[in-house]
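J.: Residue numbering for the sequence shown follows our numbering, beginning at 2 and increasing consecutively.
We treat Cβ as the ideally placed atom computed from N, Cα and C, and that holds for glycine.
In this text, all values refer to a predicted model and were calculated from it rather than measured experimentally.
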Amino acid sequence: MAIERMKFLSMTGNERELDFIIANDLIGSGFQPENTLKVLEKGWKVTYFSYDSTIKEYIKKAKELLNEMDVPYVKKQVELKKKLEEIKEDIDSKSQEISSIYTKIEENEDQLAKIEESIMPIEHLKNLPVALEQLYNLKYMKFRFGKISLENYEQLNNELANLDVLILELEKTDKEAWILYFTPDKLAEKVDSYFKVMKFERVWLQQEIIGRPADILTKAKEQITKTKNNTEDLKAKLIDIREQNGREILNDLLQLELLEKINKVKKYMAHDNKGSFYIVGWIPKDNLQELLPKLNKDNVEYVIKNHDEVISTPPTKLRNNRLIKPFESIVKMYGTPNYTEMDPTFFVAITAFLMFGFMFGDVGQGLVIGIIGAILTIRKSNLGPVLIAGGISAIIFGFLYGSVFGNEDIIKGLVPSPMDNITSMLVVGIASGAILIILAMIFNIKNGIKNKDVGKVLFDKNGIAGLVFYIVILALIVGFLVNGQMFISLSISVTLIVVTLLLILFKDNIENLINKNKARQKVSIIEKIFEIIEMLISMASNTISFVRLAAFAINHVGLCMAVYILANMFGTTGSLIVAIIGNIIVIALEGLIVAIQVLRLEYYELFSRFYTGDGKEYIPIEEQK
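Written as C-alpha cells, this is what we have:
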C-alpha cells in the first residue's frame, strides 16, 4: 500500500570485469539502469558501448539446433565460462555437422523413393527369363507391358485368333492380370487402339533399367537394405550427438541469452579510453543492502544518492499485499503513480469492491462471476483476482438485497430491495459520492504536503480551500433538505465561501507572494468568473454522478424482473431455459456495463482530483525484454 523508496546508484569499475559484474552482481539485484550519458555531468570524455547484433542471430541458431536435437529448453542460471567467439564456434560446428547428417538422411530417403518407384513395375516382371534390354532392342516387333481387368483379359483371349498379337501372361490375381504383348511394328497402332478400348493400363519401363528382372530386383533390394542401414546409422549418430553435446548446446544458449541481457544493459552504459565503465540507475532501498557487499568484493566504486539529489526521475515500484495487488492493473490503466505521490491501489480496491457490489448485488450471479475469476486465476490471468473480488462483493450485497439469480423470493434480504427503496438508494449514492470526493481532496492535500507544495495544499480547488468550500456547500444543502435549517450560521457560511473562493481564484498570485516572485500576472475578472462557474459545475456534476450507483442497482433489479416475466410466459422447461439465458445475458452485459461505470467513477470523479499517474514504471534488468 505504498511506493518503495528508491536510491540512485552510480558505479564505475574495470571494463574487463564488466560482463561478470553485470551477470553476477546487477542481474537479479532489482537494479534499473538509466542512460548514463544523460545523467553524467558535461565534460566527461565517455562514449556508449557498441551493440553486438550477432548474439540474437546465434540465440535463434542455438534454439533451432536444440529443436533439431530434440533437446528440451530448460531455463536455469549459468555462469559465463566461455567467450562469445568460442560459443559461436561451438554452435556453428555442431550446426554444420547436424545439418550435414540431415542432408544425407534426406538424400537417402529420396534415393529409396526413386528405387522403390523404379522397381515397382519390375516386381511383375520377375518371372521373365530375358533381359529387359532385349525387349528394348527388338527391330520388327513392338512390346507393351501393363495390366488389364480379368474380365477384359478373358474376352481378349477369346479374340486372339483375329489379332496379330502375342500375349505373355506374367501374373494373375482375382481382379487383374499383368501381361506383355507383342505385335508387328506396322500393326502396333491398330493393336494399341484395340487394347486401349479393352482398358489396358500400360506401364512404361525406364530405358536405363537393364538386365534380367530377377537380377534387377535382387540388386535393388540390396541397395534398399544398404541405404536403410546407412540412414539408421546416421540417426544413431544424431542420438549420440544429442547425448554428448545436447547439454553443452543448452548451456551455450543460456550463456548467449545472458550475454544478450548484458548487451541490453550496456546500451545504458558508457566507457572511457582508460578501460573504465560507468553505469547509473535506480534500486529499491531494501535491495541495495544485498548488492553493496558484491560490489565491494568486485572492486566496483559507487556513489549512493537520494531522489532529490539527481536530475533523473525515479521509477515507481508499488508495494501491495496479495489481496490488494490485483487492483494495481486498474490503477496502471489510468497511469503509473509518480514517485512523489500516494499509491491509490488500496483506495481503488476498497471503493471498486463496494461500488460494484452496490450496483450488481446478487448471490447467484456473483457466484458465477467469482467462479469465472477463479478459472482465470488458475490460468494465470491478471483479470482473475479482480473478478473474484467483484463476485464476492456481488454476493455480499446480494445477501443484503435478498437476490439469488434475480429472484427475491429465495432468501430474505437484510435491507429493502433497491426497487422498493428508490429514494434511499439515491440518497446513499449521492452521500457516498460526497464522502469519496472529500477523501480524494484529502489525498490531494496529502500529496501536496509530501511534495512541499504550499499552493496545492492550501489554495488549490482540491486543497484545503476547495475542501472547506465543498464541505460548507454540502452542509448548507443537507441542513436545508433535512430540517430546513442550516448546520452552520449563514454569516459564517458566506464568509467561508467567499474566502475560500478568493483563495482558489488568486492561488497563483498568492503563491508568487509567498515565494517572493516579483513577476506579476494580469488577472482577468471574466476569466476568474468562468473559473468559478467551472469549479461549481464540476463539483456538482461529480457529486451527482454518483447517482449512477443507485440507478444501476435499480436497473439490475428491473432487468432481472423482466427476465422472469418473460420466463413465466413459457412452460416449465421453456421457463427454465429462458431464466438461464436471461441470467447469462445479465451477467455478461450488465456486469460489463457496471464494471465500466466503476472505472468511470474512479477515473473521472476521484482520480482527477488527486492523482496524476505520470510516473515511470519500475522494470529491473532481469525483467526487461
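How big is the Cα-Cα spacing for PHE354 and PHE347?
T.: To locate residue 354, count along the sequence shown from 1; it is residue 353. To locate residue 347, count along the sequence shown from 1; it is residue 346. Roughly 11 Å between the two C-alpha positions.
J.: Suppose the cutoff is 7 Å on Cβ atoms and the five residues either side in sequence are ignored; what does the same chain contact list for MET629 look like?
T.: For the chain, the structure presents residues 2 to 626; residue 629 sits outside this window and is missing.
J.: Where does the unbroken beta strand (DSSP E) through ALA237 begin, and where does it stop?
T.: Within the sequence shown, numbered from 1, the residue matching residue 237 stands at position 236. Where ALA237 is concerned, there is no enclosing beta strand (DSSP E), although the alpha helix (DSSP H) it sits in stretches over 214 to 267.
J.: For the beta strand (DSSP E) that contains GLN636, what are its first and last residues?
T.: This structure cannot speak to residue 636, because the chain is shown only from 2 to 626.
J.: Rank LYS529, MET442, GLU108 and GLY367 by C-alpha distance to the C-alpha of VAL458 and give the top, closest one.
T.: Reading the sequence shown from its first residue, position 457 is the one you call residue 458. Of LYS529, MET442, GLU108 and GLY367, the residue nearest in Cα terms is MET442.
J.: Give a single yes or no on whether ILE23 has its beta carbon closer than 6 Å to a heavy atom of the ligand PLP.
T.: Absence of the ligand PLP from the depicted structure is noted, as is the absence of any ligand whatsoever, leaving it without description.
J.: If you count every other CB in all the chains shown that lies within 10 Å of the CB of PRO34, and 16 or more means buried, which is it?
T.: As a position in the sequence shown, residue 34 is number 33, starting the count at 1. Buried, since its Cβ has 16 or more Cβ neighbours within 10 Å.
J.: Spell out a yes or no on whether the segment 51 to 59 and the segment 81 to 89 are touching, meaning 3 or more CB-CB pairs, one atom from each, closer than 8 Å.
T.: Yes: at least three Cβ pairs fall under 8 Å.
J.: Would ASN153 and LYS197 qualify as a contact pair, given that the criterion is a beta-carbon distance under 7 Å?
T.: Your numbering for residue 153 matches position 152 in the sequence shown. Your numbering for residue 197 matches position 196 in the sequence shown. It is not a contact, given that the beta carbons lie outside the stated cut-off.
J.: Which residues bound the beta strand (DSSP E) around ASN15?
T.: Residue numbering aside, residue 15 sits at position 14 when the sequence shown is read from its first letter. Where ASN15 is concerned, the enclosing beta strand (DSSP E) stretches over 7 to 15.
J.: Determine the DSSP secondary structure at ALA432, reduced to helix, strand or coil.
T.: Counting from 1 along the sequence shown, the entry for residue 432 is found at position 431. Correct three-state label for ALA432: helix.
J.: Determine contact between the segment 451 to 470 and the segment 500 to 510, defined as no fewer than three beta-carbon pairs at a distance below 8 Å.
T.: Touching, per the Cβ criterion.
J.: Pull up the CB-CB distance for THR13 and TYR279, whole angstroms please, since I reckon it's below 8 Å.
T.: As a first step, residue 13 is located in the sequence shown; it is residue number 12 there, counting from the start. As a first step, residue 279 is located in the sequence shown; it is residue number 278 there, counting from the start. Their Cβ separation, rounded to whole angstroms, is 5 Å, which keeps THR13 and TYR279 in contact under 8 Å.
J.: Taking the beta strand (DSSP E) that VAL469 belongs to, which residues open and close that run?
T.: The sequence position of residue 469 within the sequence shown is 468, counting from 1. Premise fails: VAL469 lies in the alpha helix (DSSP H), 465 to 484, not in any beta strand (DSSP E).
J.: Taking Cβ positions, are ASN339 and THR613 nearer each other than 7 Å?
T.: The sequence position of residue 339 within the sequence shown is 338, counting from 1. The sequence position of residue 613 within the sequence shown is 612, counting from 1. It is a contact, given that the beta carbons lie within the stated cut-off.
J.: On a CA-only basis, which of ASN128, GLU110 and ALA3 is nearest LEU181? Give me that one, please.
T.: Position 180 of the sequence shown, counting from 1, holds the residue named residue 181. The option with the nearest alpha carbon to LEU181 is ASN128.
J.: With VAL304 and SER11 assumed to form a contact (beta carbons below 8 Å), what rounded beta-carbon distance in angstroms separates them?
T.: Against the sequence shown, residue 304 aligns to sequence position 303. Against the sequence shown, residue 11 aligns to sequence position 10. With a Cβ gap of about 4 Å, VAL304 and SER11 count as contacting.
J.: Restricting to Cα atoms, I'd like to know which of LEU503, VAL311, ASN321 and LEU151 is closest to VAL40.
T.: Working through the sequence shown from its first residue, we reach residue 40 at position 39. Among LEU503, VAL311, ASN321 and LEU151, the Cα nearest to that of VAL40 is on VAL311.
J.: Within this structure, are the beta carbons of VAL332 and PRO345 separated by less than 7 Å?
T.: The residue you call residue 332 lines up with position 331 of the sequence shown. The residue you call residue 345 lines up with position 344 of the sequence shown. Going by C-beta atoms, VAL332 is nearer than 7 Å to PRO345.
J.: Straight-line CA distance for LYS95 to GLU69?
T.: Along the sequence shown, one-based indexing puts residue 95 at 94. Along the sequence shown, one-based indexing puts residue 69 at 68. Looking at the two C-alpha atoms, the distance is approximately 11 Å.
J.: Below 8 Å, can you find three or more Cβ-Cβ pairs linking the segment 429 to 436 to the segment 401 to 411?
T.: Contact between the segment 429 to 436 and the segment 401 to 411 is absent, because fewer than three Cβ pairs lie under 8 Å.
J.: Smallest Cα separation from LEU169: which of ASN383, VAL72, ASN484 and GLY147?
T.: Taking the sequence shown and counting its residues from 1, the one referred to as residue 169 is at position 168. Ranking the options by Cα distance to LEU169, first place goes to GLY147.
J.: Go to MET199, then tell me how far its beta strand (DSSP E) extends in each direction, as first and last residue.
T.: On the sequence shown, position 198 is the one that residue 199 refers to. That residue, MET199, is in no beta strand (DSSP E); it is neither H nor E in DSSP.
J.: Would you call LYS318 buried or exposed, if buried means 16 or more other Cβ atoms sit within 10 Å of its Cβ?
T.: The residue you call residue 318 lines up with position 317 of the sequence shown. Per the 10 Å Cβ criterion, buried.
J.: Taking contact to mean at least 3 C-beta pairs separated by less than 8 Å, is the segment 217 to 237 in contact with the segment 3 to 10?
T.: No: fewer than three Cβ pairs fall under 8 Å.
J.: Using the Cα positions of LYS220 and GLU160, report the straight-line distance between them to the nearest angstrom.
T.: Along the sequence shown, one-based indexing puts residue 220 at 219. Along the sequence shown, one-based indexing puts residue 160 at 159. The straight-line gap from Cα to Cα measures roughly 39 Å.
J.: For LEU279, list the residues DSSP reports as bridge partners.
T.: Taking the sequence shown and counting its residues from 1, the one referred to as residue 279 is at position 278. Correcting the residue identity first, residue 279 is Tyr in this sequence and not Leu. Looking at the DSSP assignment, TYR279 forms a beta bridge with THR13 and ALA271.
J.: Could you tell me the distance, in whole angstroms, from the CA atom of ILE636 to the CA atom of ASN274?
T.: Nothing about residue 636 can be reported from this structure: the residues present for the chain run from 2 to 626 only.
J.: Provide the residue(s) that pair with LYS143 in DSSP beta bridges, ordered along the chain.
T.: Here residue 143 refers to the residue found at position 142 when the sequence shown is read from its first residue. Partner(s): THR184.
J.: Quick check on DSSP: helix, strand or coil for GLN598?
T.: Locating residue 598 in the sequence shown gives position 597, counting from the first residue. GLN598: helix per DSSP, three-state reduction.
J.: Could you tell me if ILE585 is buried or exposed, where buried requires 16 or more neighbouring beta carbons within 10 angstroms of its beta carbon?
T.: Numbered from 1 along the sequence shown, position 584 holds the residue referred to as residue 585. Under this definition ILE585 is an exposed residue.
J.: In whole angstroms, what separates the C-alpha of LEU133 from that of PRO122?
T.: As a working mapping, residue 133 is identified with position 132 in the sequence shown. As a working mapping, residue 122 is identified with position 121 in the sequence shown. In a straight line, the C-alpha of LEU133 is about 12 Å away from that of PRO122.
J.: If you measure between the beta carbons of LEU377 and LEU368, is that distance less than 7 Å?
T.: For the purposes of this step, residue 377 is identified with residue 376 of the sequence shown, where counting begins at 1. For the purposes of this step, residue 368 is identified with residue 367 of the sequence shown, where counting begins at 1. No; because the gap between Cβ atoms is not below 7 Å, this pair is not in contact.
J.: Quick one: is MET628 buried, meaning 16 or more other Cβ sit within 10 Å of its Cβ, or exposed?
T.: Residue 628 is absent from the model: the chain starts at 2 and stops at 626.
J.: How big is the Cα-Cα spacing for ILE396 and GLY371?
T.: On the sequence shown, position 395 is the one that residue 396 refers to. On the sequence shown, position 370 is the one that residue 371 refers to. When rounded, the distance between both Cα atoms is 9 Å.
J.: Taking all protein chains shown into account, decide if PRO316 is buried (16 or more other Cβ within 10 angstroms of its Cβ) or exposed.
T.: Counting from one through the sequence shown, the residue named residue 316 turns up at place 315. Flag for PRO316 reads buried.
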